[in-house]
Every structure is written in C-alpha cells, then in structure tokens.
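Quick notes on the structure that follows.
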C-alpha cells in the first residue's frame, strides 16, 4: 500500500449515490419512458415493486448483473446500452462527488435541463418510431434541412428559405386562374 496522502473516498449512501449507479438509473428511466412504460409496468415485468424501480432509477439502489440483464431484455436493449458513451469524469470512482461538484460549478447540465430526458424529447422519439418508415425518412430529411438553416453563418440561407415560403397575395384574376369558379 502506498504511503502518503490518499484521496478521501466517501462511502456511497442514499444521500451520496455512486455516479455510475445514477447514470445507469437515468438510462433505465430514459428507455422506460421512450417505450411508454410506467414504473409499475416495468416492475411487474421484472417481479419487483415500483418503489424498487424508483430507487434503481435514482441510483439509490445498485442493480445486480442479473437484474440489469432482466431490464435490458424487457426494454429491448443490450446491457451495454446502460454504459454507452460514459466518460471517465462521469464515473470517477475515487472522487464520488466529482460530478456533483462539476454541476455546482456550472460545467454540466443538471438532469432537469438535459435534453435527453425532457418530455418533448421522449414524445418526439415515441412519435418518430410510431410512424411508418417512409414518414420517418421524410421527417429526418426535414429535420436535417431545418438544422442546416439554423446553423451559425447561414443567414443568407434562412433569408432565401423565408422568401420561398412567404405567401404571395393573389388578386382576384390570379386566384380565378388558379381556382376557377365556373361550373
């Protein structure tokens, strides 16, 4: 064992959950909501109480490997879904409060502002996957076009798009040629 000053490791408690457990719980909640499942429905499928699901989602209780496997199977994702894109700063095991300190310093978004857990995002994802493949493809193209128009430095593109979609007032003669009223 090394001599000298060691980093203080605070025990993980319900008041100080492990950052990894919190992240796994956040992803569990995200996937459950994307599928439109209630905590009770998920709990029933696994054979536990909804209160236990709440504790898992908050990171207060740790998920065992077998329970994580059950959740992944029910939610239709691989177990790796719960750990994808984790940054070492998010799950620093020697400084359990690093993430909280970063939040307090304003270096990261609080969970309430995280766009991946907003109600609008969940509704968008749910509606997207409920649509037909053709509608999804068209919607993605539309969204990409909108993103391009909103990208920094595209004022000219926005102005051109505005001109293309600006309604033109039609006189009676013009309207008659487009929409004849004679029977």
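Numbering (our numbering), first residue to last: 838 to 1020. Glycine included, each C-beta is placed from N, C-alpha and C at the ideal position.
Chain D within 9 Å of residue 907, Cβ atoms only: In the structure shown, chain D cannot be found, because there is only a single protein chain.
Alpha carbon to alpha carbon, how far is residue 966 from residue 959? Taking the straight line from one Cα to the other gives about 11 Å.
State the Cα-Cα distance for the pair residue 890 and residue 962, rounded to the nearest angstrom. Roughly 22 Å between the two C-alpha positions.
Taking DSSP as the reference, what is the three-state secondary structure of residue 898? Reduced to three states, the DSSP call for residue 898 is coil.
Looking at residue 869: is its Cβ nearer than 9 Å to the Cβ of residue 879? Here residue 869 is near residue 879, since their CB atoms are less than 9 Å apart.
Which residue comes first and which comes last in the alpha helix (DSSP H) that contains residue 987? Counting along the chain, residue 987 sits inside the alpha helix (DSSP H) bounded by residues 970-987.
Member of 903, 975, 897 and 979 whose CA lies at the smallest distance from the CA of residue 884: Out of 903, 975, 897 and 979, 903 has the C-alpha closest to the C-alpha of residue 884.
Own chain partners of residue 914 with C-beta closer than 8 Å, once the 5 adjacent residues on each side are dropped: Take residue 914, set aside five residues on each side of it, and the residues of its chain with a beta-carbon closer than 8 Å to its own are 868, in chain order.
For residue 906 and residue 956, what's the separation of their Cα atoms in angstroms? Distance between the alpha carbons of residue 906 and residue 956: 26 Å.
Run of the alpha helix (DSSP H) containing residue 886, from where it starts to where it stops: For residue 886, no alpha helix (DSSP H) segment is defined, and its DSSP state is neither H nor E.
How long is the line joining the alpha carbons of residue 899 and residue 871, rounded to whole angstroms? Taking the straight line from one Cα to the other gives about 22 Å.
Quick one: residues in its chain with C-beta nearer than 6 Å to the C-beta of residue 859, no 5 flanking neighbours on either side, listed in chain order? When the five nearest sequence neighbours on each side are left out, the beta carbons in the same chain lying within less than 6 Å of the beta carbon of residue 859 are those of 896, in order along the chain.
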